[in-house]
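So the protein lines, in turn, are chains A and B. Every letter in the first sequence is one number past the one before it in the UniProt record's numbering, and letter 387, counting from 1, is 387. Every letter in the second sequence is one number past the one before it in the UniProt record's numbering, and letter 342, counting from 1, is 342. Note that the Cβ used here is the ideal one computed from N, Cα and C, for glycine as well. Below is one structure, written out as structure tokens; the observations come after it.
There are 2 protein chains.
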Amino acid sequence: MSDWKEKSQHARDYRDASLAKVNPPIGKLPDPLPLSSQELPKKYLTAREYELTHNFDAIELLGMLRRRELSSEELTRAFLRHAVLAQYAVNCVTELMWDEAITRSRYLDSLSEPLGPLHGLPISIKQQHGMRDKPCHASYVAWIGGPSVPNTINDILYASGCVFYVRTTEPQSTMQLECNNNITGLTVNPWNRDLTPGGSSGGEGALLGMGGSVLGIGGDIGGSIRCPASNNGVYGFKPTSRRLPLSGMKCTMLGNETVTPTFGPLTRSRETINLFMDLVLKTEPWRHDPTLFPKLWTPVKLDRPLKIAVQWWDGVVKPHPPMIRAMREVSDACRAAGMKVVDWVSLDHAKAWNILSRLYFPDGGEDTIDLIQESGEPLLPLTEWIIKQPGVKKLSIQELWALCRERDDYRAAYAAHWSATAAHDGHEVDVILCPATPGAAPPHECSRYWPYTAHWNLLDYPGVVFPVTFVDPVKDKRDDTYVPMNDQDRFNHELYSPERYVGAPVSLQVIGRRNYDEKVMAALEAIERAMGRDETFRPKL
Amino acid sequence: MSDWKEKSQHARDYRDASLAKVNPPIGKLPDPLPLSSQELPKKYLTAREYELTHNFDAIELLGMLRRRELSSEELTRAFLRHAVLAQYAVNCVTELMWDEAITRSRYLDSLSEPLGPLHGLPISIKQQHGMRDKPCHASYVAWIGGPSVPNTINDILYASGCVFYVRTTEPQSTMQLECNNNITGLTVNPWNRDLTPGGSSGGEGALLGMGGSVLGIGGDIGGSIRCPASNNGVYGFKPTSRRLPLSGMKCTMLGNETVTPTFGPLTRSRETINLFMDLVLKTEPWRHDPTLFPKLWTPVKLDRPLKIAVQWWDGVVKPHPPMIRAMREVSDACRAAGMKVVDWVSLDHAKAWNILSRLYFPDGGEDTIDLIQESGEPLLPLTEWIIKQPGVKKLSIQELWALCRERDDYRAAYAAHWSATAAHDGHEVDVILCPATPGAAPPHECSRYWPYTAHWNLLDYPGVVFPVTFVDPVKDKRDDTYVPMNDQDRFNHELYSPERYVGAPVSLQVIGRRNYDEKVMAALEAIERAMGRDETFRPKL
Numbered sequence: 001m002s003d004w005k006e007k008s009q010h011a012r013d014y015r016d017a018s019l020a021k022v023n024p025p026i027g028k029l030p031d032p033l034p035l036s037s038q039e040l041p042k043k044y045l046t047a048r049e050y051e052l053t054h055n056f057d058a059i060e061l062l063g064m065l066r067r068r069e070l071s072s073e074e075l076t077r078a079f080l081r082h083a084v085l086a087q088y089a090v091n092c093v094t095e096l097m098w099d100e101a102i103t104r105s106r107y108l109d110s111l112s113e114p115l116g117p118l119h120g121l122p123i124s125i126k127q128q129h130g131m132r133d134k135p136c137h138a139s140y141v142a143w144i145g146g147p148s149v150p151n152t153i154n155d156i157l158y159a160s161g162c163v164f165y166v167r168t169t170e171p172q173s174t175m176q177l178e179c180n181n182n183i184t185g186l187t188v189n190p191w192n193r194d195l196t197p198g199g200s201s202g203g204e205g206a207l208l209g210m211g212g213s214v215l216g217i218g219g220d221i222g223g224s225i226r227c228p229a230s231n232n233g234v235y236g237f238k239p240t241s242r243r244l245p246l247s248g249m250k251c252t253m254l255g256n257e258t259v260t261p262t263f264g265p266l267t268r269s270r271e272t273i274n275l276f277m278d279l280v281l282k283t284e285p286w287r288h289d290p291t292l293f294p295k296l297w298t299p300v301k302l303d304r305p306l307k308i309a310v311q312w313w314d315g316v317v318k319p320h321p322p323m324i325r326a327m328r329e330v331s332d333a334c335r336a337a338g339m340k341v342v343d344w345v346s347l348d349h350a351k352a353w354n355i356l357s358r359l360y361f362p363d364g365g366e367d368t369i370d371l372i373q374e375s376g377e378p379l380l381p382l383t384e385w386i387i388k389q390p391g392v393k394k395l396s397i398q399e400l401w402a403l404c405r406e407r408d409d410y411r412a413a414y415a416a417h418w419s420a421t422a423a424h425d426g427h428e429v430d431v432i433l434c435p436a437t438p439g440a441a442p443p444h445e446c447s448r449y450w451p452y453t454a455h456w457n458l459l460d461y462p463g464v465v466f467p468v469t470f471v472d473p474v475k476d477k478r479d480d481t482y483v484p485m486n487d488q489d490r491f492n493h494e495l496y497s498p499e500r501y502v503g504a505p506v507s508l509q510v511i512g513r514r515n516y517d518e519k520v521m522a523a524l525e526a527i528e529r530a531m532g533r534d535e536t537f538r539p540k541l
Numbered sequence: 001m002s003d004w005k006e007k008s009q010h011a012r013d014y015r016d017a018s019l020a021k022v023n024p025p026i027g028k029l030p031d032p033l034p035l036s037s038q039e040l041p042k043k044y045l046t047a048r049e050y051e052l053t054h055n056f057d058a059i060e061l062l063g064m065l066r067r068r069e070l071s072s073e074e075l076t077r078a079f080l081r082h083a084v085l086a087q088y089a090v091n092c093v094t095e096l097m098w099d100e101a102i103t104r105s106r107y108l109d110s111l112s113e114p115l116g117p118l119h120g121l122p123i124s125i126k127q128q129h130g131m132r133d134k135p136c137h138a139s140y141v142a143w144i145g146g147p148s149v150p151n152t153i154n155d156i157l158y159a160s161g162c163v164f165y166v167r168t169t170e171p172q173s174t175m176q177l178e179c180n181n182n183i184t185g186l187t188v189n190p191w192n193r194d195l196t197p198g199g200s201s202g203g204e205g206a207l208l209g210m211g212g213s214v215l216g217i218g219g220d221i222g223g224s225i226r227c228p229a230s231n232n233g234v235y236g237f238k239p240t241s242r243r244l245p246l247s248g249m250k251c252t253m254l255g256n257e258t259v260t261p262t263f264g265p266l267t268r269s270r271e272t273i274n275l276f277m278d279l280v281l282k283t284e285p286w287r288h289d290p291t292l293f294p295k296l297w298t299p300v301k302l303d304r305p306l307k308i309a310v311q312w313w314d315g316v317v318k319p320h321p322p323m324i325r326a327m328r329e330v331s332d333a334c335r336a337a338g339m340k341v342v343d344w345v346s347l348d349h350a351k352a353w354n355i356l357s358r359l360y361f362p363d364g365g366e367d368t369i370d371l372i373q374e375s376g377e378p379l380l381p382l383t384e385w386i387i388k389q390p391g392v393k394k395l396s397i398q399e400l401w402a403l404c405r406e407r408d409d410y411r412a413a414y415a416a417h418w419s420a421t422a423a424h425d426g427h428e429v430d431v432i433l434c435p436a437t438p439g440a441a442p443p444h445e446c447s448r449y450w451p452y453t454a455h456w457n458l459l460d461y462p463g464v465v466f467p468v469t470f471v472d473p474v475k476d477k478r479d480d481t482y483v484p485m486n487d488q489d490r491f492n493h494e495l496y497s498p499e500r501y502v503g504a505p506v507s508l509q510v511i512g513r514r515n516y517d518e519k520v521m522a523a524l525e526a527i528e529r530a531m532g533r534d535e536t537f538r539p540k541l
């Protein structure tokens with residue numbers, strides 16, 4: 001076995017040893033595994049475990065914990081066993097924290113008062129984010145066994161009383177909207193294992209989509225929270241950068257500030273996002289992390305019916321029929337509820353992608369490729385694809401400045417474009433409704449069009465993904481008359497057939513102006529109410 | 001005459017032609033000019049002009065204009081003539097806007113309602129900031145005759161009803177805390193022409209210090225608002241970056257984001273700063289400039305007596321006796337008013353300067369030096385001095401990232417250091433009281449220690465300068481027993497003798513945490529009240 005394979009085997013042994021702690025063990029799964037993993041929890045978990053992990057969102061569970069209708073230990077054991085099942089089914093785990101989680105839950109149960117707003121709640125964390133006293137490889141073989149650095153959000157969640165119980169997978173370099181690497185291998189979609197769960201927070205997406213978590217933390221620089229939320233039919237929120245602390249993310253190119261990633265939650269309910277943002281910001285993280293703007297989570301009340309712009313397409317790649325149907329259904333509901341619905345005019349999104357992809361790798365990808373080559377692990381096709389986007393190259397300082405000016409000019413043009421939507425009626429568009437991906441979760445190695453999420457990273461606009469429907473073979477026929485506009489459009493168009501996407505969730509995205517994070521969440525609430533969803537709505541699992 | 005001298009003469013001819021419009025002309029000034037220019041306005045302006053330009057702050061003038069006790073034209077003519085006098089005395093003008101200003105003031109006088117919150121008020125602008133339909137050289141001979149770009153703040157001020165009447169000088173490269181360049185030459189201090197007015201907004205500082213403006217706009221990346229405010233005994237506010245729009249600043253290295261400049265006001269009263277911030281932010285500039293954080297000017301009410309930390313020195317260079325006396329007098333007054341006064345412990349400010357000076361020129365100064373060489377104009381000593389700071393060099397992308405990490409680590413350490421001040425009594429320090437300069441305005445070419453202002457640019461902390469006292473030959477004796485700690489300290493120590501600094505204003509600075517801009521202004525109000533100053537206080541002119 002070559003060196004890198006051996007090293008990579010160590011990481012899998014570490015994972016497997018952690019999984020082996022599960023007690024009682026999970027029964028043997030069928031071989032081959034079924035296309036959908038959604039029936040497995042009912043079969044392989046106890047009825048009580050199934051109930052606890054599937055029937056509630058984080059807020060309901062926290063209420064039950066606070067009222068002592070439920071012990072943290074019982075809940076934690078249920079989620080621990082669900083995580084093991086999810087690993088067997090979709091390969092989304094890098095480490096199970098059996099002993100630590102049970103010890104922690106018992107400690108929390110022993111307290112006479114709740115420790116904080118997350119008292120007793122099990123939370124899943126993307127492996128790359130690091131975890132105190134835990135190794136962190138962040139998907140690179142070279143970093144296997146390497147240390148974590150403290151992660152401020154993890155520390156805040158822990159101080160708020162949560163239980164960490166599982167760490168989840170990410171793709172090589174974390175610059176993929178899928179979830180494959182040379183250590184843990186391929187994570188698959190719990191709705192259809194032939195499809196990708198998305199990425200880079202793909203382990204989180206798959207775990208939440210299977211019911212194995214109610215709150216997971218991911219990171220997003222091109223869609224890495226929103227794409228897996230969308231592909232797995234759960235909620236995912238990417239705030240504007242500089243609201244949440246970022247320390248503890250292990251990645252290459254640290255110190256690069258051409259485009260800024262952010263952490264954010266994947267959840268089973270809209271309100272869990274508000275809970276998360278509120279509790280993190282209440283700790284005033286800016287007092288320790290001066291990159292942040294000091295602003296508490298400040299829910300906004302809409303003072304008039306929303307004005308929503310629907311981005312039917314971005315002018316480059318036409319979304320698949322189920323995405324179009326979802327936009328039609330949601331926008332019809334919004335219109336019926338008295339909102340104003342207009343069409344969004346996309347402003348040269350192809351140019352934006354060209355700027356963004358160059359901003360991702362101002363060193364031409366050197367830092368990332370060097371780290372991959374250090375261990376000898378192979379460069380995976382989707383890693384190579386993103387690093388080799390047209391124009392990506394190692395820049396001089398002056399070229400970097402010129403590129404930053406291109407970015408800033410584009411951002412300013414987009415701001416003016418948005419402000420101009422007030423021209424007709426004096427009210428600018430409140431939010432954009434759009435897909436987060438040009439189709440439902442695609443087959444593996446086909447996620448080659450990022451801009452439905454990444455465009456908003458270039459602009460640093462906040463975005464929330466919410467589940468809408470599922471691919472429907474009757475309603476979502478392939479349009480064989482469609483003539484693709486370009487190669488990217490053709491690639492995407494040819495991907496689609498209802499049979500290929502069977503069972504796949506269809507989600508949409510709400511986008512707001514930079515730093516209008518609270519407005520995005522208020523708009524999502526209004527939209528979901530228009531869709532007939534009340535506080536008790538939960539995505540189908 | 002060499003090419004660059006000829007070109008530079010064109011710019012002076014342009015200026016002189018603009019000054020020649022003044023009517024009636026200013027009488028011939030004494031030759032040689034007196035050391036202090038402060039007695040000239042009374043002699044060379046009419047009594048009414050003197051009254052209008054010297055006896056009120058912007059807020060009082062705006063009230064008089066609104067109540068029509070005063071026409072904008074009369075006021076504008078007074079400030080225009082004062083600006084010409086100031087040019088003759090201290091050489092602070094690049095262009096007088098005689099015709100435009102009078103036309104504008106007459107238009108405003110003709111309206112039945114005020115145009116906006118600045119209706120009729122003459123405002124001075126640093127030349128580098130650009131002005132619609134005006135050339136802008138930004139101190140570089142190569143750029144003489146070059147175009148301005150639109151300046152958002154200017155547009156906001158104009159839409160608010162102001163009158164632009166004069167554009168003012170800045171030093172070569174604008175990276176000097178003095179005010180000399182190869183086009184307009186040396187601007188001197190109106191209190192003592194042997195001293196520098198500071199820079200880079202030195203023309204603004206000198207003009208305000210002589211009574212020729214009540215509101216000027218400058219820019220600050222190392223002290224360029226606060227140093228001239230301090231040297232000339234007026235108010236100057238540097239907000240946290242990303243509060244005010246920056247577009248329209250003409251300078252080299254555009255696109256560089258290692259350290260961010262900001263515009264800000266120089267004023268004759270504290271409340272004029274609040275007025276300026278409030279009116280600019282009320283226009284919601286973030287809707288057009290997405291680099292800004294959307295937050296209105298939100299005055300804070302202090303809920304307990306201030307806790308002030310006095311930075312007696314920064315651990316590197318000991319401030320001169322008048323600065324120490326000023327800190328003692330102000331802190332005594334604060335203590336007597338019931339505030340808690342503690343000592344600030346400076347956290348390795350020498351290291352901070354090393355980081356910052358390298359951040360200023362990630363291209364090793366190439367862009368700036370190339371532009372200077374393009375025309376053949378000489379590199380001035382203070383420009384060379386800042387570009388040749390130890391460690392400044394052209395960086396690779398990876399070296400740039402490493403330097404940005406150094407910056408971020410230092411910022412995080414400082415935030416922790418500040419937060420730790422809550423350890424003893426549960427209340428962290430609200431603001432730091434410190435000098436803005438290691439002494440009063442020094443002799444020309446001696447401004448070689450920036451960190452009393454620039455340190456807070458590295459940290460991006462807001463700071464306001466306010467006038468305190470004047471160098472007093474009796475109280476501020478040189479301390480001949482002092483043993484300098486290092487070469488910089490020796491240079492500064494040896495500069496001082498009360499005779500050399502005769503007449504120089506002594507100012508101090510209030511610093512707050514990043515983005516606590518409104519708190520800084522609330523603290524300044526509390527401090528000035530403790531000093532016995534009410535709303536009617538104006539700096540001595």
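- Separation of residue 279 of chain A and residue 517 of chain A (C-alpha to C-alpha, rounded to the nearest whole angstrom) is 15 Å.
- Residue state for residue 220 of chain B is assigned as strand, using DSSP reduced to three classes.
- Between the alpha carbons of residue 435 of chain A and residue 180 of chain A lies a distance of about 23 Å.
- The closest CA to that of residue 401 of chain A, considering only B:286, B:259, B:230, B:60, is found on B:259.
- Contact with chain B is found for residue 363 of chain A, since one of that chain's Cβ atoms lies less than 8 Å from the residue's Cβ.
- Between residue 177 of chain A and residue 209 of chain A, the C-beta spacing is not below 8 Å.
- Residue 465 of chain B and residue 236 of chain B do touch by the CB rule: their CB atoms are close to 4 Å apart, below 8 Å.
- Taking CB atoms only, residue 405 of chain A has a neighbour in chain B less than 8 Å away.
- Sequence-distant partners of residue 36 of chain B (beyond 5 residues in either direction) whose C-beta falls short of 8 Å from its own C-beta, in its chain, are 190, 191, 192, 193, 503.
- Burial state of residue 336 of chain B is exposed, judged by a 10 Å Cβ sphere holding fewer than 16 other Cβ atoms.
- A residue is called buried when at least 16 other Cβ atoms come within 10 angstroms of its Cβ; residue 444 of chain A meets this threshold and is buried.
- Counting only the Cα atoms, residue 141 of chain A lies some 7 Å from residue 183 of chain A.
- For the 8 Å CB-CB criterion, residue 446 of chain A and residue 495 of chain A form a contact.
- Interface with chain A (8 Å Cβ-Cβ cutoff): residue 28 of chain B is excluded.
- With a 10 Å radius around the Cβ and a threshold of 16 neighbouring Cβ atoms, residue 30 of chain A comes out exposed.
- Just measuring C-alpha positions, the residue of B:467, B:121, B:482 sitting nearest residue 531 of chain B is B:467.
- In the DSSP annotation of this structure, residue 489 of chain A is not part of any beta strand (DSSP E); the continuous alpha helix (DSSP H) holding it starts and ends at 487-495.
- If the five residues before and after residue 519 of chain B are omitted, its C-beta is found closer than 6 Å to the C-beta atoms of 300, 512, all from its own chain and listed in chain order.
- The C-beta of residue 294 of chain A comes closer than 8 Å to at least one C-beta of chain B.
- Of the residues B:342, B:339, B:317, B:310, the one whose Cα lies closest to the Cα of residue 327 of chain B is B:310.
- Residues of the region 251-275 of chain B that bring their beta carbon within less than 8 Å of a beta carbon in chain A comprise 253, 254, 255, 256, 257, in sequence order.
- Close to residue 419 of chain B, with beta-carbon spacing below 9 Å, are these residues of chain A in chain order: 287, 288.
- Rounded to the nearest angstrom, the Cβ distance from residue 352 of chain A to residue 455 of chain A is 6 Å, consistent with a contact under 8 Å.
- Under a criterion of Cβ atoms nearer than 7 Å, the residues of chain A adjacent to residue 397 of chain B are, in order, 362, 363, 394, 395, 400.
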